[in-house]
Amino acid sequence: MRDRLADIRETQLGNNDNDGGVVVDDVLVDVTPGGGGFMDDFFKEIEIIEQDLSAIENDVAHVEKMHTHILTAPKMAEEDKERLESAMNSIKLKANRVRARLKDIEINIERTEEQSAEARIKRTQHAALSHRLVNLMLTYNKIQNDYREKCKDRIKRQLKITGKPTTDEEIEDMLESGNPEIFTQAVITDTKDAKQALEAIEARHNDIMNLEKSIKELHEMFLDMAMLVESQGEMIDNIEHNTVNAVDFICSAKEDVKKAVKYQSAARKKKIICLALALVLIIIIIIILIVQLRDNSGGSSGGGATPNGGSGNSKTTSSPRATISPINTAR
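Note that numbering that gives the first Met the number 0 numbers the sequence shown so that position 296 is 295, with each residue one more than the last.
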């Protein structure tokens, strides 16, 4: 099966580039269940979906490592084959489970009042999680197709060893038919290398057939989720736009706060300086008043000595007059 999701991948990448490459995953609202009861069940459901998506991400990375290990091994071990199939089944199971949960959320959103805050939160979470699932599945699909191409190259080299070189188109026809004997039945297996190459060809062919089955099983889900995200593209763009605006507003607010703190500090310093100057002025006024009061008190004490001296002289002049008066009477 050829890579039939190239158009979807280009559409997804195009959506990511519309607003300067803002990643919708960053739009996810950080919620903690049990924080007051508002939409608590919904947030618990979101947490479960996020856990499954993280598990899918780990499984996809594990599959990629397994592919590298298998391609470098001379022959695929049965244990490696089982581990690879287990990881692929785990991805399929979790992806279908997440898809079903997102469908339930979509139905729940339709029952919620369209313009309410609850509906906006649910739509935002649903769109972001759907976008994340599609991106994971597209990554997984790319890993599978890359592995398929590398297996084809290896089959081509091994057919060359057996003495039957083939083109890419012929190998593709063999894979599409599901019958490797089209090219291997005429291979001469007299040599040890030829026998080993033939065994490897059959093993790689079976491996690719398993990949084809997995890709076909997930193909319908890819298309369904991609169409869902594409239909929500306008809403996602609005979410991204509002998020960018919010970030700009926060940065601007931080600068305003810094300026306000600076102005407040300068105003406080000016206030302290004014209070200090007022205090110094009050002290100076008090000192001036005290000095004036002391000067006035000293002047009042000096003016009181002159009246007392005048009354003493009066007594001295009146005393002779009293003595002379009897003498004149005797004459």
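Just so you know, even glycine gets a beta-carbon here, dropped at the ideal spot from N, CA and C.
Computed from a predicted model, the values in this text were never measured in an experiment.
Nearest-angstrom Cβ-Cβ length linking ILE108 and GLU44, presumed shorter than 8 Å: 12 Å between Cβ atoms; not a contact.
Helix, strand or coil at ASN307 according to DSSP, with G and I counted as helix: Because the pLDDT of ASN307 is 47, which lies under 50, any placement of that residue in the model is unreliable, and the number read from its coordinates should be weighed accordingly. In this structure, ASN307 counts as helix in the three-state DSSP scheme.
Whole-angstrom C-beta distance between VAL97 and ASP40, which should lie under 8 Å: At roughly 17 Å, the Cβ-Cβ gap does not stay under 8 Å, so ASP40 and VAL97 are not in contact.
Contact set for ILE142: own chain, Cβ-Cβ below 8 Å, skip 5 residues either direction: VAL59, VAL62, GLU63, HIS66
LYS155 versus SER85: straight-line alpha-carbon distance, rounded: If you take the alpha carbons of LYS155 and SER85, they lie about 28 Å apart.
Residue closest to LYS102, alpha-carbon to alpha-carbon, out of SER115, GLN124, ARG267: The shortest CA-to-CA distance from LYS102 to any of SER115, GLN124, ARG267 is the one to GLN124.
Residue nearest to ASN134 in terms of C-alpha spacing, selected from ALA265, ALA94, LEU70: ALA94
Every unbroken alpha helix (DSSP H) inside the segment 25–105 [4 residues or more]: Counting only runs of 4 or more, we get 39–71.
LEU274 to SER115 span [Cα, whole Å]: In a straight line, the C-alpha of LEU274 is about 54 Å away from that of SER115.
Residues near ILE47 by beta carbon distance below 8 Å, same chain, minus five either side: ARG100
Nearest-angstrom Cα separation, counted from LYS269 out to GLN291: 33 Å
Where SER115 sits in the DSSP three-state scheme: coil
Spatial distance of ASP167 from ASN140 (CA atoms): 21 Å
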